[in-house]
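> The numbering of the sequence shown is UniProt numbering, which starts it at 1 and goes up by one. Even for Gly, the Cβ is constructed at its ideal location relative to N, Cα and C. What follows is a single structure, and I will ask about it in a moment.
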Amino acid sequence: MTTAGIDKAAASSSNSNNSRNGQFYQPKGHSMQSAEPSRAPTESPLAKTTETTVSQSAFQVQVVSFTPLAPFYAKWSVTSADAFVLVAITLVAFIVRCYKLSVPSQVVFDEVHFGKFAGKYLNGTYFYDLHPPLAKMMFAAAGKMAGYDGMFDFKSIGLDYVAAGVPYVGMRLMPAVLGAITVPATYVTARACGYGLDTSVLASVLVCFENGLIAQSRLILLDSPLVFFTVMSLAAWAMFWTKQEMPFTRSWWFWLISTGTLMGCAASCKWVGLFLFPAIGLSTIVDLWDKIADRSLTPSRWLMHFMARAFGLIIVPLVVYLFWFQVHFALLYKTSDSAGMMSAEFQTTLAGGLNITTDRDVFYGSEIRIKSTNARSGYLHSHSHAWQHAKGSGQQQITIYGHADQNNIWVIEPAFNTTVDTSNGPVAVAGGSVVRLRHKITGKYLHSHDKRPALSSQETKFELSGYGFDNFPGDSNDNFRLEILSGDKNEPGSDKHVQAIYTRFRLIHTNLHCAVYNSQKKLPKWAFEQIEANCMRNCMPRMSTWHVEYARLPGTEATGIVPPQASYRKLSLWGKILEYNRLMADSNGSINGDHPFAARPQHWPWLRRGTAYWGGHGNIIYQLGNPLIWWGSLSSILLFVLVRSLLFVLNKRRIRPMLLGQRAKYFSATGFFVVSWACHYVPFFLMGRELFVHHYFPALWMAILVLAFTLDLFTAGVPRVVRLSVYAAVAAAVLHAFVVFSHITYARIWTKDACLKAKWLRTWDFDCEHAIGGIRSTKPSLSSSLGESKLDDNVNGESKPKVNAPPANSNSSVDLGDVDDAVPNDGVPVPVPEIGDAYVEEFNPEKKLEQETSDEAAAAAAAVVNKQIKAQPKKLQDPTAIKANNHASPIQVPESVAGNLGEKSDHPATGANQNENGGDEDAAKDKHIEL
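Set out below in structure tokens:
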């Protein structure tokens, strides 16, 4: 049989499918039923066809190889039928996404963070977040248009929007609109890949009624913009492939540039958007590789294809990414406590930011303040408290403290048993000099010895301590060699002699050959939760690099001569972008913990569990996908791998089934989305950080397309009525599951029995006690256990740790907890506290505990409070108040209890309250870790 005969037979066997699926392009010599002429093989993204054919009794086959990465493309443009379908599915999508958008009227889940960030954009106050800025700026724009003034602080889950007059519906409408648009975008993608109207509608229906995507798109969360730009990027890429016979035309350029722009926007929402680059990049590489074999393409023409794609898919996304950061920095122009996260050079660019000026030159005898250069932890610090760890020396603590105070001042002196001649004036400290650092307040010398530090038992790490006493000159363990790493090219001599601000150096212990090192680990409470400094051998320079921020030589004022001054230089825009992105990388890399709703990647596709977002009285929000869609999409991906592997084996025997004429489309279009799914899913296995099921959402959309395309393949050879019946049955089953789980998607009231029946898997841990008939369906009262006692929310003007329990006669929810990871300013995650059966994390160095409790847990907490009040009646001004509000009521605890819950400790010398980075609550909150 000839090649044309085989194609004719294949076309005849699926004649109805060809008319249904549109017009396809094949290499020259292959004819499928199409109104369009055959394409030359030079422009095809598919591998070339050989002339060898084989006839088998069971099936007809053709010797042909197809590439699974480059999309199978068809010439498609919107018809009147397409327009009608697009309008219809868009209307349905908007209804599904916007239904009961005002419920609940309280702060939910990570709205705590992203709502607050929107407000900071509106009032221009700088903040730090570990995600790129675009999605947050979109929420700010939505809030501005809705009338939000940026004053509501989104302080905790459960706060009432209505009482505060926050236009939260307008802010939630933005992600809902984006989520709705993904539905028609799915239709366009399927049609551009060559699939018929029926399959494209089915794919849209699956996306429209996917409960997890719906729940995520109805709240002020980042994943809805991320999924939107991911979907739009791949839709634009599919449209680009419909223009392959018209290279370098306006429409060709439009879709190429649109793809790059949308890719840049996806990466500007969350770094998960970067996974688009390997997905689209692999497709591009395959296409360009195939074009090399096309002899009709001149080298210059091929180079034009290469340069166009490099510009559209690399340069354009990079420019978009940088542009949104420029807008971000332009909007956040005022300094704040959160600016302490950034370098001093960065802070000088903010209005009201750092404006430090100090003596430039450092001499022996100078009083100096030494700062960790590449970390945000602060200054080398000591105080009159001893090390208390078992393996330590018991000598004075040396730590890193986040605020400038007198306990950060050191006097630089010559090495032990060494003097310098100052008869001719002060002597500058040169690089390579052996020096000692004497703590000005306590008189102790910076010292190291063969003792393990508080937070490590490694033999390469040694304790730093303050050592010395009256009439004791010290010893050689006080000696450190000052090793200059770099200077400022604009300040001559800064690479030879130590200059404040401009010289970067390390301190190397002369006996142990270790460097003074910032471990970035938080010390225990007996060290006031400051940051550990130790002496480490073979450490990288990054965390052992220091500089002098303040220098003064006593007595210079009397001379009347003003010494040369030094100050931080302002960072350029490019420098700010680089620093911010380095900080994001550090923050993302440090996320770890044991959150109760964390889930590893191997659990995502089969929907082992979801994430609790919010709990009310009779209703909850629990992010759980439509299980039929998740399980079906996983099965379709596994089936593709199986089919592709089987056909690969058959290919070795020169047997190539045509799959009822669908082989090219299935391998190319479906194969592309399987590869894209892998690019968005497999990298998470390489991440040790804490992960959650919503990280799977971009990959889920690709898996849904694979599911629809697989159903198209398996119904290709059946009558149309049977095919449509199968599609209708699938849609009906999906709609049934959508309705069942709509209660936890929309916070609909349901009964405990219905809730329990909805637990198709035992691992689905949504709390049915919130449903009608459960113990949390009514509002428990604490008055019986606490009587009329009440604790002030504020003692001495400071907020105290709280334990949240539902107040009597309130109409609001119990806090289910936040899934974010708490990482304080030193980069060390705070473990999730556990009380009763609920968990919560606050990005707060005071570690306020806000959590849902059952009646028993609330009573137990109240008993502890009453017991402590009786034991310490003088600690509180008014130990008898319970704050009743329209959300979870805080129970104020005494200081003795608060200390055990993470209360701030007093600084040993100054008496100032501090957290692990020096006492900045807002800064620690802003440096939250959202996933």
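Would the segment 80-99 and the segment 119-132 be scored as touching if the rule is three or more Cβ pairs under 8 Å?
At 8 Å Cβ cutoff, the stretches do not touch.
> Need the endpoints of the beta strand (DSSP E) that C535 sits in, please.
Stepping through the sequence shown from its first residue, residue 535 is reached at position 535. I531 to M536 is the extent of the beta strand (DSSP E) around C535.
> Note the first and the last residue of the continuous alpha helix (DSSP H) segment covering E557.
Position 557 of the sequence shown, counting from 1, holds the residue named residue 557. Taken as a continuous stretch (DSSP letters only), the alpha helix (DSSP H) holding E557 covers T556 to T559.
> For a quick check, are the C-beta atoms of S338 and Y128 less than 8 Å apart?
Start at 1 with the first residue of the sequence shown, and residue 338 comes out as number 338. Start at 1 with the first residue of the sequence shown, and residue 128 comes out as number 128. Yes, they are a contact pair.
> Assuming G493 is part of the alpha helix (DSSP H), what are its boundary residues?
Mapped onto the sequence shown, residue 493 falls at position 493. That residue, G493, is in no alpha helix (DSSP H); it is neither H nor E in DSSP.
> Closest to F114 by C-alpha separation, out of M171, V78 and V92, would be which residue?
Sequence index remark: in the sequence shown, residue 114 carries index 114 (1-based). Among M171, V78 and V92, the Cα nearest to that of F114 belongs to M171.
> By how many angstroms is the C-alpha of P414 removed from the C-alpha of P473?
The count along the sequence shown starts at 1 and reaches residue 473 at position 473. The count along the sequence shown starts at 1 and reaches residue 414 at position 414. Computed Cα separation, rounded: 12 Å.
> Tell me, please, whether the segment 656-670 touches the segment 682-698 by the rule of three or more beta-carbon pairs shorter than 8 Å.
Contact between the segment 656-670 and the segment 682-698 is absent, because fewer than three Cβ pairs lie under 8 Å.
> Would you decide whether N211 is buried or exposed? Buried here means 16 or more other CB atoms lie within 10 Å of its CB.
For the purposes of this step, residue 211 is taken as residue 211 along the sequence shown, with counting starting at 1. Its Cβ being crowded by 16 or more others within 10 Å, N211 is buried.
> Taking 8 Å as the threshold, find out whether the segment 719-738 comes into contact with the segment 254-274 through three or more Cβ pairs.
No contact exists between the segment 719-738 and the segment 254-274.
> In whole angstroms, what separates the C-alpha of S77 from that of R663?
Taking the sequence shown and counting its residues from 1, the one referred to as residue 77 is at position 77. Taking the sequence shown and counting its residues from 1, the one referred to as residue 663 is at position 663. Those two C-alpha atoms are separated by around 23 Å.
> Starting from Q216, follow the alpha helix (DSSP H) in both directions and report where the run begins and ends.
Position 216 of the sequence shown, counted from the start, is the residue given in the question as residue 216. That run of the alpha helix (DSSP H) goes N211 to Q216.
> The alpha helix (DSSP H) with T261 in it runs from where to where?
Taking the first residue of the sequence shown as position 1, residue 261 is located at position 261. From DSSP, the alpha helix (DSSP H) with T261 extends over R250 to C269.
> By Cβ distance, which residues of its chain are closer than 7 Å to F684, with the 5 residues on each side in sequence left out?
In the sequence shown, counting from the first residue as 1, residue 684 sits at position 684. P601, L691 and H695.
> Any heavy atom of the ligand NAD closer than 7 Å to the Cβ of N211?
Although the ligand NAD was asked about, the structure shown includes no ligands whatsoever.
> Which residues bound the alpha helix (DSSP H) around G575?
Indexing the sequence shown from 1 puts residue 575 at position 575. Residues L573 to G589.
> Quick one: is I744 near chain D, going by C-beta distance under 8 Å?
Judged by its chain identifiers, the structure shown contains no chain D, having just a single protein chain.
> Which same chain residues, not among the five before or five after G150, have their C-beta less than 6 Å away from its C-beta?
By one-based count along the sequence shown, residue 150 stands at place 150. These residues qualify, in order along the chain: G119, L122 and N123.
> Check P601 in the structure and name its three-state DSSP category.
Residue 601 sits at position 601 when you count from the first residue of the sequence shown. In the structure shown, P601 sits in a helix (DSSP, three-state: H, G or I).
> May I have the straight-line CA-CA distance separating W631 from D765, to the nearest angstrom?
Numbered from 1 along the sequence shown, position 631 holds the residue referred to as residue 631. Numbered from 1 along the sequence shown, position 765 holds the residue referred to as residue 765. If I take the Cα positions, the gap works out to 18 Å.
> Nearest by alpha-carbon distance to S433: which of G392, K391, T510 and I95 is it?
Translated into positions along the sequence shown, residue 433 becomes position 433. That would be T510, whose Cα lies nearest to the Cα of S433.
> Could you give the residue range of the alpha helix (DSSP H) that holds V516?
By 1-based counting over the sequence shown, the position of residue 516 is 516. First-last for V516: A515 to K522, but that is the beta strand (DSSP E), not the alpha helix (DSSP H).
> Can Y126 and K334 be called in contact, C-beta distance under 8 Å?
In the sequence shown, the residue the question calls residue 126 occupies position 126. In the sequence shown, the residue the question calls residue 334 occupies position 334. Taking 8 Å as the Cβ cut-off, Y126 and K334 qualify as a contacting pair.
> Going by the DSSP bridge assignment, what does E769 pair with across the sheet?
Numbered from 1 along the sequence shown, position 769 holds the residue referred to as residue 769. In DSSP, E769 forms no bridge with anything.
> Going by beta-carbon coordinates alone, are V706 and W750 separated by less than 8 Å?
If you number the sequence shown from 1, residue 706 lands on position 706. If you number the sequence shown from 1, residue 750 lands on position 750. No, Cβ-Cβ distance for V706 and W750 is not below 8 Å.
> May I ask you to report which of helix, strand or coil DSSP gives H447?
As a working note, residue 447 is residue 447 in the sequence shown. The answer is strand: DSSP assigns H447 an E or B state.
> Tell me the rounded alpha-carbon separation between T199 and H595.
Counting from one through the sequence shown, the residue named residue 199 turns up at place 199. Counting from one through the sequence shown, the residue named residue 595 turns up at place 595. The straight-line gap from Cα to Cα measures roughly 40 Å.
> Taking buried to mean at least 16 other C-beta atoms within 10 Å of its own C-beta, is A599 buried or exposed?
Looking up residue 599 in the sequence shown gives position 599. So A599 ends up on the buried side.
> Locate the beta strand (DSSP E) running through P414, then write down its first and last residues.
Here residue 414 corresponds to residue number 414 of the sequence shown, with the count starting at 1. Taken as a continuous stretch (DSSP letters only), the beta strand (DSSP E) holding P414 covers I409 to P414.
> Does the Cβ of N479 have 16 or more other Cβ atoms within 10 Å, making it buried, or fewer, making it exposed?
Start at 1 with the first residue of the sequence shown, and residue 479 comes out as number 479. With 16 or more Cβ atoms within 10 Å of its Cβ, N479 is classed as buried.
> Name the residue from R748, T763 and L130 whose alpha carbon lies nearest to the alpha carbon of W606.
On the sequence shown, position 606 is the one that residue 606 refers to. Nearest option by C-alpha distance: T763.
> Taking the CB atoms as reference points, tell me whether C208 and A238 lie closer together than 8 Å.
Counting from 1 along the sequence shown, the entry for residue 208 is found at position 208. Counting from 1 along the sequence shown, the entry for residue 238 is found at position 238. Not in contact: C208 and A238 (Cβ atoms no closer than 8 Å).
> So, at 6 Å on beta carbons, what are the nonlocal neighbours of I704 in its own chain, with the 5 sequence-adjacent residues on each side left out?
Taking the first residue of the sequence shown as 1, we reach residue 704 at position 704. Here the set comprises L206, V207 and S633.
> Can you tell me which residues form a DSSP beta bridge with P184?
Numbered from its first residue, the sequence shown carries residue 184 at position 184. Partner(s): none; P184 has no beta bridge.
> Q530 and Y445 - do their beta-carbons sit closer together than 8 Å?
Working through the sequence shown from its first residue, we reach residue 445 at position 445. Working through the sequence shown from its first residue, we reach residue 530 at position 530. No, the Cβ-Cβ distance between Y445 and Q530 is not below 8 Å.
> Using a Cβ-Cβ cutoff of less than 6 Å, which residues in the same chain neighbour A351 once the five nearest sequence positions on both sides are dropped?
Working through the sequence shown from its first residue, we reach residue 351 at position 351. Y333 and K334.
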